Amino acid sequence: MLELHRLSKTYPNGTAALSNFSLEVRAGEAVAIVGGSGCGKSTLLRLIAGLENATSGIRRVDGDEITEPHPKIGLVFQEPRLLPWLSIEENVAFGLEGLDITEKHQRVYAALRSVGLDHQGKKWPREMSGGMAQRVALARALVVQPSVLLLDEPFSALDALTRSRLQDHLVRLWEETRMTLVLVTHDIEEALVVANRVIVLKPHPGRIDDMQEVSLTRP
Ligand code: ADP
Ligand code: ADP
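In the UniProt record's numbering, the protein residues as written are 1 to 219.
Set out below in structure tokens:
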């Protein structure tokens, strides 16, 4: 589970990007954080990912303080960020350490199967379409079996049809695995499709009541 308590970030230039943001995400929840440009979504995500220091506040995953990129947090960015000199299976295996080769292979192919790409492991990033590459990025995040999967505008660079297919795929994956998801997006429709809890981040930091929460029910 993910705990954020009164998290604040003021950049060195004085911009208060996030102020007293609190959120608890329980295991198995699919939470979307939506808001317009500049409201602090990227900042919040970078704080959760441990890519940025907080000015104040508490961040924990499964009880561990998040101070640097944490192995229990899987990350998917807007761009797939695949390494072009590695095959698809090698890209997915990249973050796996300390496993023997058989176990590694099983984990990589289980992750590729979960995104429907288990026949593409020997291919190269340049052979992938945008949607396939993003599914590889999803497999690479899943292969480490994270407690929380963080998705930063994961589908916004894709065409509408591919985007909608990948959203459906993510929903099915969530229904099967009940993994904990935190999706950051400016797309309210995407939030409604993918999440069962939507947090609206308002662009006026400084007041805790700027955060509104809407609960949706999905079995
Ligand atoms: P969003 O992702 O919702 O567009 P950001 O978290 O990127 O919002 O930005 C929130 C605010 O913080 C904006 O005013 C933005 O200009 C500012 N900001 C973001 N990153 C930095 C930075 N590295 N230094 C200074 N200001 C920043
Ligand atoms: P993205 O939203 O693609 O993750 P960034 O987080 O780098 O991109 O930047 C988000 C916003 O923060 C942008 O509007 C950008 O202009 C602003 N920003 C980023 N770095 C700085 C900075 N050092 N000073 C002021 N604003 C910044």
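Yeah, the Cβ is synthetic: ideal placement off N, Cα and C, and Gly gets one too.
None of the values given here were measured: they were computed from a predicted structure.
(message) Check for me: the alpha helix (DSSP H) holding Val-194 runs from which residue to which?
(response) For the purposes of this step, residue 194 is taken as residue 194 along the sequence shown, with counting starting at 1. Residues 188-194.
(message) With the cut-off set at 8 Å, would you say Thr-162 and Gly-28 are in Cβ contact?
(response) Position 162 of the sequence shown, counting from 1, holds the residue named residue 162. Position 28 of the sequence shown, counting from 1, holds the residue named residue 28. In this structure, Thr-162 lies away from Gly-28, with their beta-carbon atoms at least 8 Å apart.
(request) Flag this pair as yes or no: are the beta carbons of Lys-41 and Gly-50 separated by less than 8 Å? (result) As a working note, residue 41 is residue 41 in the sequence shown. As a working note, residue 50 is residue 50 in the sequence shown. No, Cβ-Cβ distance for Lys-41 and Gly-50 is not below 8 Å.
(message) For a test of your reading of the model: does the CB of Asn-53 fall under 7 Å from any non-hydrogen atom of ligand 1? Yes or no.
(response) For the purposes of this step, residue 53 is identified with residue 53 of the sequence shown, where counting begins at 1. No; taking the cut-off as 7 Å, the Cβ of Asn-53 has no heavy atom of ligand 1 nearer than that.
(request) Give the single residue among Asp-118, Ile-33, Ala-16 whose Cα lies nearest to the Cα of His-186. (result) The residue you call residue 186 lines up with position 186 of the sequence shown. Ile-33 is the residue among Asp-118, Ile-33, Ala-16 whose C-alpha sits nearest the C-alpha of His-186.
(request) Leaving out five residues on either side along the sequence, give the residues of the same chain with a beta carbon under 6 Å from the beta carbon of Glu-52. (result) Indexing the sequence shown from 1 puts residue 52 at position 52. So the qualifying residues of the chain are Arg-46.
(request) Inspect the beta-carbon positions of Phe-77 and Asp-152 and report whether they are closer than 8 Å. (result) Residue numbering aside, residue 77 sits at position 77 when the sequence shown is read from its first letter. Residue numbering aside, residue 152 sits at position 152 when the sequence shown is read from its first letter. The answer is yes: Cβ separation under 8 Å.
(message) Following a CB-centred definition, is Tyr-109 positioned closer than 7 Å to any heavy atom of ligand 1?
(response) Within the sequence shown, the letter at position 109 stands for residue 109. No - ligand 1 has no heavy atom lying nearer than 7 Å to the Cβ of Tyr-109.
(request) Assign Asp-209 to one of two classes, buried (16 or more other C-beta atoms within 10 Å of its C-beta) or exposed (fewer than that). (result) As a working note, residue 209 is residue 209 in the sequence shown. Because Asp-209 sits at a pLDDT of 49, beneath the cut-off of 50, its placement in the model cannot be relied upon, and the point is left open.
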